[in-house]
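Numbering (this note's numbering), first residue to last: 122 to 344.
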């Protein structure tokens with residue numbers, strides 16, 4: 122897959138929408154949908170890279186793939202957690218530090234989404250002090266997708282349509298079952314079901330007669 126600058130532009134616009142949503146929600150109340158856009162784009166690109174590798178080499182090298190993801194994401198995450206750990210005693214009440222330590226451990230283990238779900242701090246909560254690491258829930262979902270999706274593609278022998286449609290159907294059922302009816306909003310936004318739904322539908326919505334563009338050029342997305 123050749124590098125496409127337009128996709129970087131879409132990704133940048135999605136990130137900007139999320140930032141505006143947090144900074145000026147009244148001006149862009151739907152800005153949080155930038156997270157969905159980012160997830161769909163990421164799922165499409167990662168799936169294309171994996172299918173391209175399988176088409177060219179006949180297999181998917183899991184160690185190499187996971188190593189690239191770790192080199193790209195871990196350094197920044199470790200730096201973030203270190204800065205938060207140093208600043209926390211100055212800006213966080215002493216009674217909240219034990220919970221923050223657990224948040225930091227969950228962030229480094231890429232399970233922050235589950236930690237925030239069971240911590241009880243809803244993403245859209247209007248009251249209470251949110252965790253300084255609350256936003257790492259999205260990284261947790263990303264890494265869980267990177268861990269499980271290649272395994273699914275290998276198990277399905279590259280038949281991505283089966284995995285995409287099955288993932289979309291399963292996540293839809295989970296979202297329906299976990300729907301927070303009193304608040305009229307789905308709770309599992311931070312769970313892998315929502316990520317699987319957006320990531321898989323980025324492929325499931327393509328025409329069955331079309332396959333991912335395969336090229337011998339070195340992809341710009343493989344960093």
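We put the CB at the ideal spot given by N, CA and C, even for glycine. The model shown is predicted, which means the values in this text are computed figures rather than measured ones.
Limits of the unbroken alpha helix (DSSP H) element including residue i
{"i": "residue 168", "result": "154-178"}
{"i": "residue 139", "result": "126-144"}
{"i": "residue 196", "result": "183-212"}
{"i": "residue 223", "result": "218-229"}
{"i": "residue 271", "result": "258-276"}
{"i": "residue 240", "result": "233-240"}
Nearest neighbour of residue i, chosen from the options [CA to CA]
{"i": "residue 209", "options": "196, 224 and 197", "result": "224"}
{"i": "residue 259", "options": "290, 179, 160 and 273", "result": "160"}
{"i": "residue 181", "options": "272, 298 and 297", "result": "272"}
{"i": "residue 175", "options": "204, 278 and 297", "result": "278"}
{"i": "residue 151", "options": "162, 191 and 135", "result": "135"}
{"i": "residue 255", "options": "163, 265 and 221", "result": "221"}
{"i": "residue 186", "options": "295, 294 and 268", "result": "268"}
{"i": "residue 288", "options": "177, 125, 202 and 164", "result": "164"}
{"i": "residue 250", "options": "200, 201 and 215", "result": "215"}
{"i": "residue 266", "options": "200, 202 and 166", "result": "166"}
{"i": "residue 127", "options": "240, 200 and 162", "result": "162"}
Same chain only: Cβ atoms within 8 angstroms of residue i, ignoring 5 sequence neighbours per side
{"i": "residue 343", "result": "Residue confidence for residue 343 is low, a pLDDT of 41 falling below 50, so the modelled location carries little weight; the figure read from the coordinates is stated next. Around residue 343: 170 and 189."}
{"i": "residue 264", "result": "190, 194 and 231"}
{"i": "residue 205", "result": "221, 225, 253 and 254"}
{"i": "residue 146", "result": "152"}
{"i": "residue 202", "result": "225, 228, 229 and 254"}
{"i": "residue 137", "result": "155"}
Same chain only: Cβ atoms within 7 angstroms of residue i, ignoring 5 sequence neighbours per side
{"i": "residue 153", "result": "139 and 142"}
{"i": "residue 236", "result": "223, 224 and 227"}
{"i": "residue 183", "result": "271"}
{"i": "residue 239", "result": "none"}
{"i": "residue 298", "result": "none"}
Inter-residue CB distance, residue i and residue j (contact presumed, cutoff 8 angstroms)
{"i": "residue 253", "j": "residue 213", "result": "7 angstroms"}
{"i": "residue 198", "j": "residue 229", "result": "7 angstroms"}
Nonlocal neighbours in the same chain, by C-beta distance under 6 angstroms from residue i, ignoring five residues either side
{"i": "residue 248", "result": "Annotation note: pLDDT 49 at residue 248 (below 50); position unreliable, coordinate value reported separately. Result list for residue 248: empty, nothing under 6 angstroms."}
{"i": "residue 270", "result": "none"}
{"i": "residue 149", "result": "141 and 142"}
{"i": "residue 144", "result": "none"}
{"i": "residue 372", "result": "This structure cannot settle anything about residue 372, because the visible part of the chain is limited to 122 through 344."}
Validate contact between the stretch 128-137 and the stretch 147-166 using beta carbons, cut 8 angstroms, 3 pairs | The stretch 128-137 is in contact with the stretch 147-166.
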